[in-house]
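K.L.:
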Amino acid sequence: MPRRWTLWHSTLVALGIGSAALTVWGSWAGSRSDYYAAIALSMSRSWSNFFFGAMDPAGTVTLDKIPGSYWVPALFVKLFGFSTFAVVLPNALAAVAAVLLVAVTARRLAGPVAGGIAGALVATTPILVAVARSNQPETFFVLGLALTAWAALRAVQQASFGWLMLAGAFIALAFQSYMLEAWAVWPALAAAYLFTRQSLGRRIRHLLIAGLTSAALSVAWIAIVSLVPPGSRPYIGSTLHNSPWEMVFGYNGLGRFGQATADGTAYNSFTPPYSGQAGVLRLFNTQLAGQIGWLIPAGLLAVAILIVLHVPARVWVFLGTWLVTFIAMFSLVAGMHQFYTAALSVPVALLIGTAFSRAVRRGMLWPPIALLVTASLTALGIAAIYGGYSVAVALVQAALALVAITGLAVGRAWPHAARIVVTVVALAGLTLTPAVWSVVTIAHPSSSNPVAGGVSDSSGGLGLRRLGPATGGPQQPLVAARAPAGPGFGMPDDGAAGATHDSAGAQARDGRSGASRSGTRSFTGSSDGSYAALLQYVEKGSTGARYELAVFTAQTAAGLIIASNGASILPIGGFSGGDPVPTLDAFTAMVQAGDIPYVLAAGNTRGGFFSSTSTTSTQISEWVTTNCVQVPSSQSGVQGLYRCAPR
Numbered sequence: 001m002p003r004r005w006t007l008w009h010s011t012l013v014a015l016g017i018g019s020a021a022l023t024v025w026g027s028w029a030g031s032r033s034d035y036y037a038a039i040a041l042s043m044s045r046s047w048s049n050f051f052f053g054a055m056d057p058a059g060t061v062t063l064d065k066i067p068g069s070y071w072v073p074a075l076f077v078k079l080f081g082f083s084t085f086a087v088v089l090p091n092a093l094a095a096v097a098a099v100l101l102v103a104v105t106a107r108r109l110a111g112p113v114a115g116g117i118a119g120a121l122v123a124t125t126p127i128l129v130a131v132a133r134s135n136q137p138e139t140f141f142v143l144g145l146a147l148t149a150w151a152a153l154r155a156v157q158q159a160s161f162g163w164l165m166l167a168g169a170f171i172a173l174a175f176q177s178y179m180l181e182a183w184a185v186w187p188a189l190a191a192a193y194l195f196t197r198q199s200l201g202r203r204i205r206h207l208l209i210a211g212l213t214s215a216a217l218s219v220a221w222i223a224i225v226s227l228v229p230p231g232s233r234p235y236i237g238s239t240l241h242n243s244p245w246e247m248v249f250g251y252n253g254l255g256r257f258g259q260a261t262a263d264g265t266a267y268n269s270f271t272p273p274y275s276g277q278a279g280v281l282r283l284f285n286t287q288l289a290g291q292i293g294w295l296i297p298a299g300l301l302a303v304a305i306l307i308v309l310h311v312p313a314r315v316w317v318f319l320g321t322w323l324v325t326f327i328a329m330f331s332l333v334a335g336m337h338q339f340y341t342a343a344l345s346v347p348v349a350l351l352i353g354t355a356f357s358r359a360v361r362r363g364m365l366w367p368p369i370a371l372l373v374t375a376s377l378t379a380l381g382i383a384a385i386y387g388g389y390s391v392a393v394a395l396v397q398a399a400l401a402l403v404a405i406t407g408l409a410v411g412r413a414w415p416h417a418a419r420i421v422v423t424v425v426a427l428a429g430l431t432l433t434p435a436v437w438s439v440v441t442i443a444h445p446s447s448s449n450p451v452a453g454g455v456s457d458s459s460g461g462l463g464l465r466r467l468g469p470a471t472g473g474p475q476q477p478l479v480a481a482r483a484p485a486g487p488g489f490g491m492p493d494d495g496a497a498g499a500t501h502d503s504a505g506a507q508a509r510d511g512r513s514g515a516s517r518s519g520t521r522s523f524t525g526s527s528d529g530s531y532a533a534l535l536q537y538v539e540k541g542s543t544g545a546r547y548e549l550a551v552f553t554a555q556t557a558a559g560l561i562i563a564s565n566g567a568s569i570l571p572i573g574g575f576s577g578g579d580p581v582p583t584l585d586a587f588t589a590m591v592q593a594g595d596i597p598y599v600l601a602a603g604n605t606r607g608g609f610f611s612s613t614s615t616t617s618t619q620i621s622e623w624v625t626t627n628c629v630q631v632p633s634s635q636s637g638v639q640g641l642y643r644c645a646p647r
């Protein structure tokens with residue numbers, strides 16, 4: 001017999017529709033990072049590229065992460081052809097799934113009110129909405145965390161070894177997206193499981209088995225790749241020694257906190273300069289406060305409320321330790337993108353939803369009042385930092401919080417429908433301002449460094465002033481900030497993971513370029529047509545060659561790979577130009593074999609990282625300018641193209 005449709009089912013539908021509206025709507029004409037888009041396109045070209053996470057169609061070098069977050073976008077490209085929508089939609093859907101999972105998990109903790117509040121808080125987290133509307137990989141990590149929370153809370157509530165193993169498996173799944181960050185959940189899970197009602201020996205044994213299994217599953221891709229001979233796989237991107245272990249634990253691990261040695265020879269490091277200086281109050285600086293800071297104080301207060309309410313320790317220990325661990329991690333890491341902090345949305349939402357609902361069900365007034373007051377004061381404080389529309393919205397939020405407090409105080413005997421209205425008003429009193437920031441984000445797409453609310457995507461700091469799409473002028477939000485055009489292409493200096501393309505450019509490219517499922521070559525270019533002119537020129541002169549063109553840095557290669565619908569472009573130096581791939585000897589050998597007929601000189605790189613300190617890239621650049629013949633720009637459409645013929 002089918003289950004009766006309830007208000008809870010309607011709540012889930014509303015959460016799904018609302019979250020999809022914030023993340024999916026308009027994303028087909030939105031913004032994308034060409035670097036990550038090129039990865040999805042390249043991975044879709046062969047199963048080898050798919051598994052290893054090859055950045056280029058020829059499978060020369062991998063991206064700078066485990067490719068787990070890119071497998072689904074690559075499959076979408078394989079099935080539906082390349083387009084901005086194909087590489088953005090999977091991330092949006094992952095965010096919607098995370099919202100629903102958090103809602104279901106909170107409902108199990110404290111009822112449908114908790115589920116509705118928690119789901120809504122995740123859905124309206126500004127930075128999560130911003131990154132879900134891009135092709136950055138964060139939302140798959142958030143989904144992995146939501147799955148982990150769902151299984152982990154069952155494990156600690158039921159003292160279940162099976163659910164503990166599943167939670168560990170989901171941590172391993174999240175590891176495939178953001179690597180070591182996923183393991184930061186384990187301290188909370190282990191501490192909470194120690195509070196379950198079992199013998200100490202059994203608890204420790206369960207944790208050891210689950211932890212070791214989770215670790216083994218986490219590093220499975222790394223281990224497999226390390227066993228494949230280097231000549232039979234792509235070079236591991238952003239490493240000095242072609243090692244997946246170095247890529248995960250060096251570049252993406254210790255490298256995010258600083259160099260291992262004084263001269264930086266142990267591993268590459270990359271600390272994105274978008275979130276301000278590390279420190280205790282970093283999450284409330286101008287770069288991060290409006291992205292994630294709105295409900296962090298209320299989340300911390302919720303831990304204390306759960307303790308006072310005598311909620312089983314295993315619940316508040318898990319959620320509270322998780323939140324504090326992630327706050328500490330994001331506060332101390334040397335550098336990061338703002339969107340990394342979207343991971344905080346899961347524990348914050350579960351804590352607030354559970355604390356609010358349990359207190360109301362027990363007839364206690366002070367906990368929901370304290371949460372509403374804290375959220376409102378935080379909103380007013382953050383709004384004061386940014387000014388503009390945020391101030392007015394925060395004042396409305398405070399007024400709604402006051403209305404909700406009044407309703408909670410006098411409405412205990414009100415009809416059920418009236419109490420539902422009070423709950424909805426209370427939800428607005430918790431999250432109206434971040435919700436408005438999330439809505440405003442729809443009009444201001446950014447992908448290289450996604451940020452919400454219409455602030456500058458170059459830093460995520462000050463710049464927000466009014467509602468509506470950006471139209472320029474000093475009072476408008478600073479969106480899609482770009483450096484002046486470089487020579488030849490007019491390609492922007494991104495400073496992050498590839499160039500960002502706005503809605504008009506994305507529509508034009510998707511309409512004219514390789515959205516072809518058959519792989520038929522077609523060209524699109526920059527506004528001056530230089531992409532098409534260059535690619536058509538090198539295609540004619542590279543018949544039979546392994547690579548049609550070599551360029552410096554994967555970020556420069558990305559736009560060309562997309563514009564050509566997957567041409568074989570050699571990205572010298574990998575992501576930032578610092579990878580020793582190919583070596584000078586390997587490069588000259590390929591030239592002599594006729595595998596590299598054309599090279600676009602280093603002066604046309606656009607990533608912002610390549611410099612004279614990149615030894616291998618510098619050697620190759622000098623060799624090219626000395627031993628190859630420059631092609632007139634009247635023929636190639638660009639400056640700095642060299643013809644390298646075998647001798």
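Take the sequence shown: its position 68, counted from the start at 1, is 68 in the numbering used here, and no numbers get skipped. By construction, the Cβ of each residue, glycine as well, lies at the ideal position given by its N, Cα and C atoms.
For proline 234, count the other beta carbons within 10 Å of its own beta carbon; 16 or more makes it buried, fewer makes it exposed. Which is it?
P.N.:
Against the sequence shown, residue 234 aligns to sequence position 234. By the 10 Å Cβ count, proline 234 comes out buried.
K.L.:
By the DSSP assignment, the alpha helix (DSSP H) with phenylalanine 195 in it spans what residues?
P.N.:
Here residue 195 refers to the residue found at position 195 when the sequence shown is read from its first residue. Premise fails: phenylalanine 195 is in no alpha helix (DSSP H) and is neither H nor E.
K.L.:
Is DSSP giving proline 297 helix, strand or coil here?
P.N.:
In the sequence shown, the residue the question calls residue 297 occupies position 297. Of the three classes helix, strand and coil, the one that applies to proline 297 here is helix, per DSSP.
K.L.:
Which of helix, strand or coil does DSSP assign to methionine 247?
P.N.:
For this step, residue 247 is matched to residue 247 along the sequence shown. Correct three-state label for methionine 247: helix.
K.L.:
Which of the three DSSP states is assigned to methionine 336 in this structure?
P.N.:
Counting from 1 along the sequence shown, the entry for residue 336 is found at position 336. It is a strand residue.
K.L.:
Run through DSSP, which three-state label would threonine 649 get?
P.N.:
Examination of residue 649 is not possible in this model, given that the chain is present from 1 through 647 alone.
K.L.:
Rounded to whole angstroms, what's the CA-CA distance from valine 393 to tyrosine 386? Just pull it up for me.
P.N.:
Working through the sequence shown from its first residue, we reach residue 393 at position 393. Working through the sequence shown from its first residue, we reach residue 386 at position 386. Cα to Cα, valine 393 sits roughly 12 Å from tyrosine 386.
K.L.:
If distances are taken between C-alpha atoms only, which option among Leu79, Phe141, Phe575, Val122 comes closest to asparagine 91?
P.N.:
Your numbering for residue 91 matches position 91 in the sequence shown. Answer by Cα proximity: Phe141.
K.L.:
I'd like to know whether the C-beta atoms of tyrosine 547 and leucine 584 end up nearer to each other than 8 Å.
P.N.:
Indexing the sequence shown from 1 puts residue 547 at position 547. Indexing the sequence shown from 1 puts residue 584 at position 584. No, they are not a contact pair.
K.L.:
For serine 33, which three-state DSSP category applies?
P.N.:
The sequence position of residue 33 within the sequence shown is 33, counting from 1. Strand at serine 33.
K.L.:
Using the three-state DSSP reduction, which class does threonine 583 fall into: helix, strand or coil?
P.N.:
As a working mapping, residue 583 is identified with position 583 in the sequence shown. In this structure, threonine 583 counts as coil in the three-state DSSP scheme.
K.L.:
Among Ile39, Gly68, Phe76, Val96, which residue has its Cα nearest to the Cα of valine 61?
P.N.:
By 1-based counting over the sequence shown, the position of residue 61 is 61. Valine 61 has its Cα closest to that of Ile39, out of Ile39, Gly68, Phe76, Val96.
K.L.:
Which two residues bound the contiguous beta strand (DSSP E) that contains alanine 550?
P.N.:
The residue labelled residue 550 in the question sits at position 550 within the sequence shown. 549–552 is the extent of the beta strand (DSSP E) around alanine 550.
K.L.:
What residue from Val591, Thr556, Ala120, Ser390 has the CA that sits closest to leucine 544's CA?
P.N.:
Within the sequence shown, numbered from 1, the residue matching residue 544 stands at position 544. Looking at the sequence shown, residue 544 is not leucine but glycine. Looking at the Cα atoms, Val591 is the closest of the given residues.
K.L.:
Go to valine 599, then tell me how far its beta strand (DSSP E) extends in each direction, as first and last residue.
P.N.:
As a first step, residue 599 is located in the sequence shown; it is residue number 599 there, counting from the start. Looking at the DSSP string, the run of the beta strand (DSSP E) that includes valine 599 is 598–600.
K.L.:
Using the rule of at least 16 other Cβ atoms within 10 Å of the residue's Cβ for burial, across every protein chain shown, is lysine 65 buried or exposed?
P.N.:
Taking the first residue of the sequence shown as position 1, residue 65 is located at position 65. Its Cβ being crowded by 16 or more others within 10 Å, lysine 65 is buried.
K.L.:
Using the C-alpha atoms, what's the distance from glutamate 181 back to alanine 334?
P.N.:
Within the sequence shown, the letter at position 334 stands for residue 334. Within the sequence shown, the letter at position 181 stands for residue 181. Cα to Cα, the separation comes out at about 14 Å.
K.L.:
In terms of residues, what are the limits of the alpha helix (DSSP H) holding tyrosine 389?
P.N.:
Within the sequence shown, residue 389 is the residue found at index 389, counting from 1. It spans 389–410 - the alpha helix (DSSP H) in which tyrosine 389 sits, taken as one unbroken run.
K.L.:
Got a sec, what are the start and stop residues for the alpha helix (DSSP H) isoleucine 442 sits in?
P.N.:
For the purposes of this step, residue 442 is identified with residue 442 of the sequence shown, where counting begins at 1. It is not in any alpha helix (DSSP H) - isoleucine 442 carries neither H nor E in the DSSP assignment.
K.L.:
Assign serine 199 to one of two classes, buried (16 or more other C-beta atoms within 10 Å of its C-beta) or exposed (fewer than that).
P.N.:
Here residue 199 corresponds to residue number 199 of the sequence shown, with the count starting at 1. That one is exposed.
K.L.:
Alpha carbon to alpha carbon, how far is alanine 673 from valine 113?
P.N.:
No statement about residue 673 is possible, as the shown extent of the chain runs from 1 to 647 and does not include it.
K.L.:
Tell me the residue span of the beta strand (DSSP E) that contains proline 571.
P.N.:
Working through the sequence shown from its first residue, we reach residue 571 at position 571. First-last of the beta strand (DSSP E) with proline 571: 569–572.
K.L.:
Are there 16 or more other CB atoms within 10 angstroms of the CB of arginine 361, so buried, or fewer, so exposed?
P.N.:
By 1-based counting over the sequence shown, the position of residue 361 is 361. With fewer than 16 other Cβ atoms within 10 Å, it is exposed.
K.L.:
For a minimum of 3 consecutive residues, which ranges assigned as the beta strand (DSSP E) are wholly contained in the segment 137–171?
P.N.:
Runs found: none.
K.L.:
Provide the residue span of the alpha helix (DSSP H) that contains leucine 89, from first to last.
P.N.:
If you number the sequence shown from 1, residue 89 lands on position 89. 84–110 is the span of the alpha helix (DSSP H), which, as asked, contains leucine 89.
K.L.:
Give the range of the beta strand (DSSP E) segment to which leucine 641 is assigned.
P.N.:
The count along the sequence shown starts at 1 and reaches residue 641 at position 641. First-last of the beta strand (DSSP E) with leucine 641: 641–643.
K.L.:
Between the segment 428–443 and the segment 372–385, can you find at least three pairs of beta-carbon atoms closer than 8 Å?
P.N.:
Contact between the segment 372–385 and the segment 428–443 is present, because at least three Cβ pairs lie under 8 Å.
K.L.:
Counting along the chain, where does the alpha helix (DSSP H) carrying valine 225 start and finish?
P.N.:
Translated into positions along the sequence shown, residue 225 becomes position 225. Looking at the DSSP string, the run of the alpha helix (DSSP H) that includes valine 225 is 220–227.
K.L.:
For threonine 341 versus arginine 133, is the C-beta spacing smaller than 8 Å?
P.N.:
Translated into the one-based positions of the sequence shown, residue 341 becomes position 341. Translated into the one-based positions of the sequence shown, residue 133 becomes position 133. No; because the gap between Cβ atoms is not below 8 Å, this pair is not in contact.
K.L.:
Express the C-alpha separation of glycine 81 and histidine 9 in angstroms, rounding to a whole number.
P.N.:
In the sequence shown, residue 9 corresponds to position 9, counting from 1. In the sequence shown, residue 81 corresponds to position 81, counting from 1. When rounded, the distance between both Cα atoms is 35 Å.
K.L.:
Quick check on valine 311: does DSSP put it in helix, strand or coil?
P.N.:
For the purposes of this step, residue 311 is identified with residue 311 of the sequence shown, where counting begins at 1. Coil.
K.L.:
What does threonine 62 pair with, by DSSP beta-bridge criteria?
P.N.:
Reading the sequence shown from its first residue, position 62 is the one you call residue 62. Answer is Ala54.
K.L.:
Can the beta-carbon of glycine 637 be found closer than 8 Å to that of leucine 600?
P.N.:
The residue labelled residue 637 in the question sits at position 637 within the sequence shown. The residue labelled residue 600 in the question sits at position 600 within the sequence shown. Cβ distance not < 8 Å, so glycine 637 and leucine 600 don't count as in contact.
K.L.:
Where do the ends of the alpha helix (DSSP H) carrying glutamine 619 lie?
P.N.:
Within the sequence shown, the letter at position 619 stands for residue 619. Residues 615–627.
K.L.:
In this structure, how does DSSP classify tyrosine 235 when only helix, strand and coil are distinguished?
P.N.:
Your numbering for residue 235 matches position 235 in the sequence shown. Strand at tyrosine 235.
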